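For the protein sequence lines, the chains are V and E, in the order given.
If you read the first sequence in our numbering, its first letter stands for residue 108, the second for the next number, and so on.
If you read the second sequence in our numbering, its first letter stands for residue 113, the second for the next number, and so on.
Heads up, the beta-carbon is just placed ideally off N, CA and C, and yes, glycines get one too.
Since this is a predicted model, take the numbers as computed values, not measurements.
Beneath this line is the structure, given in structure tokens, with notes to follow.
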Amino acid sequence: MAEPAVDLTHAHPHDDHAHHGPEGWRKYLWSTDHKVIAMQYMFTGMFMALVGGFMAYVFRMQLAFPGINVPGFGMVSMGEYNSLVTNHGTIMIFWVAMPVLLAAFGNFLIPLMVGADDMVFPKINRLSFQIFFVSTIVILASLFVEGGGFAGAWTAYPPLSADSTYNLTPLGSTLWVVGVGLEFVAFLLGGINFITTLMNSRAPGMRAFDVPLVVWMIVVASILFMLSVGPLLAGAIMLIFDQTLGTGFFNPATGGDPILWQHLFWFFGHPEVYVVLLPAMGVVIEIIATFARKKVFGYRIVIFTVVATGVLSFFVWAHHQFIAGIDPRMANIFTITTLLISVPIAELCFVYIATLYGGSIRLTTPMLWALAFVAEFLIGGVTGIFLGAAGSDIYFHDTYFVLAHFHYTFFPIAIIGTYAAFTYWFPKMFGKMMDERLGKWHFWLTIIPFNTIFIPLFVLGMGGQHRRISNYSGFSELARDGFQDIRVFATLSLLVMLAAQFIFFYNCWKTWRSGPKAPKNPWKANSLEWTTESPPPHGNWHPDAMPVVYRGPYEFSVPDREDDYWPQNEPPRRGSAP
Amino acid sequence: MGFLESWGHFFDRIGLIRIGSTYAADIDFLIFLVLVVVGAWFLAAEFIFLYFIMKFREKGDGRRADYIDGKNKRHKRWITYPHLAVLAFDVLIIVVSFNVWHKIKMDLPENPDCEIRVTGQQWAWIIQHCGADGELDTADDIYTVDELHVENEKLYHFKLEAKDVLHSFSVPVWRIKQDAIPGRSITGWFQPTVTGTFDLQCTEICGFGHTVMQGQVFVESAEEHAAWVEANTPEEAAAPATDNTPPAG
Ligand code: HEM
Ligand SMILES: [Cu+2]
Ligand SMILES: [Cu+2]
Chain V
108 MAEPAVDLTH AHPHDDHAHH GPEGWRKYLW STDHKVIAMQ YMFTGMFMAL VGGFMAYVFR
168 MQLAFPGINV PGFGMVSMGE YNSLVTNHGT IMIFWVAMPV LLAAFGNFLI PLMVGADDMV
228 FPKINRLSFQ IFFVSTIVIL ASLFVEGGGF AGAWTAYPPL SADSTYNLTP LGSTLWVVGV
288 GLEFVAFLLG GINFITTLMN SRAPGMRAFD VPLVVWMIVV ASILFMLSVG PLLAGAIMLI
348 FDQTLGTGFF NPATGGDPIL WQHLFWFFGH PEVYVVLLPA MGVVIEIIAT FARKKVFGYR
408 IVIFTVVATG VLSFFVWAHH QFIAGIDPRM ANIFTITTLL ISVPIAELCF VYIATLYGGS
468 IRLTTPMLWA LAFVAEFLIG GVTGIFLGAA GSDIYFHDTY FVLAHFHYTF FPIAIIGTYA
528 AFTYWFPKMF GKMMDERLGK WHFWLTIIPF NTIFIPLFVL GMGGQHRRIS NYSGFSELAR
588 DGFQDIRVFA TLSLLVMLAA QFIFFYNCWK TWRSGPKAPK NPWKANSLEW TTESPPPHGN
648 WHPDAMPVVY RGPYEFSVPD REDDYWPQNE PPRRGSAP
Chain E
113 MGFLESWGHF FDRIGLIRIG STYAADIDFL IFLVLVVVGA WFLAAEFIFL YFIMKFREKG
173 DGRRADYIDG KNKRHKRWIT YPHLAVLAFD VLIIVVSFNV WHKIKMDLPE NPDCEIRVTG
233 QQWAWIIQHC GADGELDTAD DIYTVDELHV ENEKLYHFKL EAKDVLHSFS VPVWRIKQDA
293 IPGRSITGWF QPTVTGTFDL QCTEICGFGH TVMQGQVFVE SAEEHAAWVE ANTPEEAAAP
353 ATDNTPPAG
């Protein structure tokens with residue numbers, strides 16, 4: 108694509124937006140500004156993170172001190188335990204990782220980074236958030252209906268999920284499916300915008316390979332989501348029919364098949380891992396390049412690798428079903444594809460590490476988060492090999508080894524990646540500089556306890572501790588003293604980590620009140636969002652001053668230049684090559 | 113026991129989880145192999161990563177970062193070679209995993225000493241033992257709830273079924289795990305090697321009482337097991353069946 112993309116949106120003057128846009132609180136309800144929608148997704152997601160974190164606190168307390176009256180909750184019955192675990196997982200993935208990383212940062216960054224004044228379809232964007240908001244209310248409401256919230260795990264395997272005589276939550280389980288289904292619709296709508304905006308609204312001069320990697324990754328993630336979610340939406344509708352109309356799609360007694368759901372779920376569920384992983388990887392590479400003052404090592408390698416990973420991710424789903432009763436010959440095929448996917452993922456990690464080589468590294472708070480992402484995600488990656496090999500998965504399936512493994516992927520993604528992005532773009536989003544000292548305290552007091560929570564859980568998993576059990580005292584091997592000490596240790600670590608989050612909230616509040624004003628480009632980075640005001644005005648740039656792009660986003664430390672950065676929109680000096 | 117196989121006993125030796133069946137050590141060997149291979153990779157990657165961070169940290173001496181775009185062949189090597197090595201190790205792991213998987217889940221050893229039927233239901237395991245004649249679905253079958261009685265060193269076939277929802281049959285010391293699915297009967301095998309009482313878990317969430325769906329397996333010596341069979345054989349079947357009791361020892 109040598110020709111600069113035609114930019115339709117730039118043709119319109121923006122002054123009229125300012126006059127016709129809604130005012131006051133209605134501005135937030137009805138705004139179509141991508142930055143406002145990004146904030147709506149972000150704050151909803153962060154609120155839900157508090158809900159999901161509270162649930163983790165409650166069930167970890169029950170595991171460490173079985174039968175305790177958990178402060179702030181009370182006694183945890185077996186049914187409540189199952190429901191807490193189920194909704195913790197559901198919320199953390201669908202209402203935290205997706206809205207914050209994909210929707211909030213996708214919305215905030217894509218138009219700003221490609222030099223557009225907004226998304227291509229701002230009203231679809233608004234509709235996307237509104238549906239998401241309704242889905243949030245539905246899932247929260249499902250916790251308080253008669254019978255309690257859904258308690259059949261976030262994977263919702265039928266027949267348990269399909270029949271209330273089995274799950275005992277007639278309302279909760281249906282609301283759960285409806286909530287998740289609405290959430291899917293919201294993200295389908297959002298994805299349309301991400302893809303079309305990248306394709307059609309790039310600033311003049313911005314070629315496909317001048318687009319910052321995080322934008323690429325968010326768009327590839329959206330494509331993966333849109334391609335994988337269809338079958339599951341169909342499955343969700345069948346599940347609702349089974350629950351409410353008494354059909355038997357998943358009921359063997361009427362000729363249905365419970366395993367069908369597992370295929371539909373994981374055909375979506377595995378790519379979904381990459382849907383949340385890719386935006387986080389994108390955020391991290393932006394930050395690493397900026398603070399190492401280095402060009403990304405192999406920009407195109409990264410894009411091709413990401414696309415390869417995306418394609419491969421559609422062929423690994425049955426590694427979640429090795430022992431589910433599928434034909435055992437299938438396990439061979441899926442072992443191969445699963446181990447193969449370690450190749451591109453390892454490659455990405457090498458690229459990230461190689462980018463540090465020869466850099467001039469500044470350990471700011473966002474950089475610490477980004478580096479921690481790489482260090483911790485590696486643990487999640489290598490432990491996946493144990494589970495991808497069908498032979499060892501016989502033992503590890505549904506143990507705490509699996510649990511610790513996927514928390515070593517999801518926690519870096521949803522929490523570490525989010526904090527990296529949040530602290531890095533905070534100046535742009537809110538126009539103030541956060542306190543670095545508090546930021547570092549918060550960083551260390553989150554990272555250390557994170558490891559002391561989950562490394563012990565690997566050990567419990569190796570010892571045979573299975574998942575979704577509210578009390579291990581009935582299992583002689585698992586009720587050993589040593590094991591109970593480990594559980595207590597993990598829970599105490601969690602308490603430290605949760606307490607440390609107050610440092611973060613205090614830092615935000617303090618910065619909001621009295622933080623120093625942020626300049627346009629506090630980190631001396633190159634991509635376009637740093638060329639406008641902090642925070643950017645409605646329309647992002649003055650309509651007469653929309654950016655024009657001359658080079659890629661990672662031209663750091665170019666020899667023979669005085670500055671060690673080179674903004675994408677800075678016109679080349681006459682006579683010199685761009 | 114060869115040097116290599118002895119590593120299959122690593123997790124047993126450090127007291128984490130006992131080896132209680134003929135294939136437990138195969139699984140543990142695979143786990144140990146993966147641990148060594150990816151552990152080495154992991155440590156190398158983390159080491160290089162931390163080393164780069166320290167070495168290339170800005171020290172205020174005005175040194176600028178290098179300009180490397182990674183397009184150069186000489187630089188790309190640093191990605192290509194490790195990447196091929198990852199592929200090679202993947203192949204190694206795949207081969208060993210295939211062997212383990214085939215042994216446990218695909219090749220059913222013939223002529224079992226006894227067949228059992230395990231049925232999961234909310235929230236208990238119903239177990240049908242073969243009884244003294246070694247055959248399932250005969251008059252001398254012994255039914256129990258949440259208790260599986262087996263004789264040490266004998267080869268067992270099981271049929272795994274479920275009445276209502278999914279359950280999963282798991283005995284950690286045997287490294288056995290298999291989901292039970294309503295409407296299907298799944299066949300598998302195990303051969304215990306250590307006597308004692310061990311946990312029998314349900315590892316698939318099955319509703320309200322999933323936590324209390326806990327059972328035990330009793331691996332007994334030949335005499336103990338014969339005594340248990342005798343004491344529990346249903347009355348109508350007791351007389352003819354005792355003749356078939358395998359000889360003690
Ligand atoms: C705040 C720190 C967190 C802690 C201490 C924590 C702890 C746990 C524990 C102990 C379980 C298993 C409970 C059981 O099986 O009995 C669990 C389940 C789960 N967690 Fe987390 N978690 C945390 C954060 C997250 C995050 C950030 C995500 C994803 C973005 C996540 C996703 C899940 C999922 C998907 C499950 C499985 C739910 C199920 O079994 O249906 N968790 N968590
Ligand atoms: Cu997967
Ligand atoms: Cu169960």
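### Task
Output yes or no for whether 9 Å exceeds the beta carbon distance between E/I239 and E/T250.
no
### Task
Return helix, strand or coil for V/L346, following the three-state DSSP convention.
In this structure, V/L346 counts as helix in the three-state DSSP scheme.
### Task
Kindly indicate which three-state DSSP category E/E263 falls into: helix, strand or coil?
strand
### Task
Taking a Cβ distance cut-off of 9 Å, strictly less, list which residues of the stretch 251–265 of chain E are near chain V, in chain order.
Flagged: no residues at all.
### Task
Determine the chain V residues that contact E/T315 at a beta-carbon separation under 8 Å, and present them in chain order.
H504, D505, T506, H573 and R574
### Task
Give me the Cβ distance between E/D263 and E/E332, rounded to the nearest whole Å; I'm assuming they're in contact under 8 Å.
Note that residue 263 of chain E is Glu in the sequence shown here, rather than Asp. So it is a contact: roughly 6 Å between Cβ atoms.
### Query
For V/R594 versus V/L219, is the C-beta distance shorter than 9 Å?
Not closer than 9 Å, so no.
### Query
Taking DSSP as the reference, what is the three-state secondary structure of V/S634?
If DSSP states are grouped into helix, strand and coil, V/S634 belongs with coil.
### Query
Quick one: Cα of V/A269 to Cα of V/F357, how far?
7 Å
### Contact set, ligand 3 heavy atom to C-beta under 6 Å
A distance filter of 6 Å between CB atoms and the heavy atoms of ligand 3 selects the following residues in sequence order: E/H279, E/C314, E/E316, E/I317, E/C318, E/H322 and E/M325.
### Message
Strictly closer than 7 Å from CB to any heavy atom of ligand 2: give me those residues in the order they appear in the chain.
### Response
V/W373, V/G376, V/H377, V/V380, V/V423, V/W424, V/H426 and V/H427
### Query
Using the rule of at least 16 other Cβ atoms within 10 Å of the residue's Cβ for burial, across every protein chain shown, is V/F251 buried or exposed?
exposed
### Task
Would you tell me roughly how many angstroms separate the C-alpha atoms of E/E316 and V/S190, rounded to the nearest one?
Their Cα atoms are separated by approximately 15 Å.
### Query
So is V/V287 in contact with chain E if we call contact Cβ pairs under 9 Å?
no
### Task
Would you grab the beta carbon distance between E/S280 and E/K289 for me? Rounded to a whole angstrom, and I think it's under 8 Å.
Sure, about 6 Å apart at Cβ, within 8 Å.
### Query
Would the beta-carbon of V/F582 fall within 9 Å of that of E/D291?
no
### Task
Quick one: residues in its chain with C-beta nearer than 7 Å to the C-beta of V/Y502, no 5 flanking neighbours on either side, listed in chain order?
none
### Task
Note down, in chain order, each residue of its chain lying with its Cβ closer than 7 Å to the Cβ of V/H127, except the 5 sequence neighbours on either side.
With a pLDDT of 49 at V/H127, under the threshold of 50, the modelled position of this residue cannot be trusted, and the question is left open.
### Short Cβ contact (9 Å threshold) for E/V207 with E/Y135
Annotated as distal: E/V207 and E/Y135, with beta-carbon spacing of 9 Å or more.
### Task
Would you decide whether V/G286 is buried or exposed? Buried here means 16 or more other CB atoms lie within 10 Å of its CB.
buried
### Query
Heavy atom of ligand 1 less than 8 Å from the Cβ of V/I246, yes or no?
For V/I246, the shortest separation between its Cβ and any heavy atom of ligand 1 does not lie below 8 Å.
### Task
Would you mind telling me which residues of chain E sit closer than 7 Å to V/C456, beta carbon to beta carbon, in chain order?
A157
### Query
How would you write the range of the beta strand (DSSP E) that E/R229 sits in, first residue to last?
C226 to Q233
### Message
Tell me which residues share the same chain as E/G127 and place their Cβ nearer than 6 Å to its Cβ, disregarding the 5 neighbours each side in the sequence.
### Response
none
### Message
Can you confirm whether E/R169, when its beta carbon is compared against all beta carbons of chain V, has any partner nearer than 9 Å?
### Response
yes
### Task
With 9 Å as the threshold, decide whether the Cβ of E/L116 is near any Cβ in chain V.
no
### Query
Listed from N- to C-terminal order along the chain, which residues in the stretch 314–344 of chain E have their beta-carbon within a distance smaller than 7 Å of any beta-carbon of chain V?
T315, E316, I317, C318, G319, F320, G321, H322, T323, V324 and Q326
### Task
For the stretch 207–228 of chain E, enumerate the residues whose C-beta is nearer than 8 Å to any C-beta of chain V, in chain order.
V208, S209, F210, N211, V212, W213, I216, K217 and M218
### Query
Mind pulling the chain V residues with CB within less than 8 Å of E/V177?
Residue identity differs from the one stated: residue 177 of chain E is Ala in this sequence, not Val. Chain V residues near E/A177: A399, R400, K401, G465, G466, S467, F663, S664 and D671.
### Query
How about V/T471 and V/E543: do their beta carbons lie closer than 9 Å?
Closer than 9 Å, so yes.
### Task
Would you kindly work out how many angstroms separate the C-alpha atoms of V/W323 and E/D124, rounded to a whole number?
For V/W323 and E/D124, the distance between alpha carbons rounds to 47 Å.
### Message
Taking its Cβ as the centre, do 16 or more other Cβ atoms sit within 10 Å of V/M751, making it buried, or is it exposed?
### Response
Since the first and last residues shown for chain V are 108 and 685, residue 751 of chain V lies out of range.
### Query
Buried or exposed: V/P556, going by 16 or more other Cβ atoms within 10 Å of its Cβ?
By the neighbour-count rule (16 or more Cβ atoms within 10 Å), V/P556 is buried.
### Query
What in chain E is Cβ-close to V/Y531, meaning under 8 Å?
What V/Y531 touches in chain E: nothing, since even the nearest Cβ is about 17 Å away.
### Task
Verify whether the separation of the beta carbon atoms of V/A438 and E/K217 is less than 9 Å.
Yes, they are a contact pair.
#### Entry: C-beta neighbour in chain V for E/W190, strict 9 Å
yes
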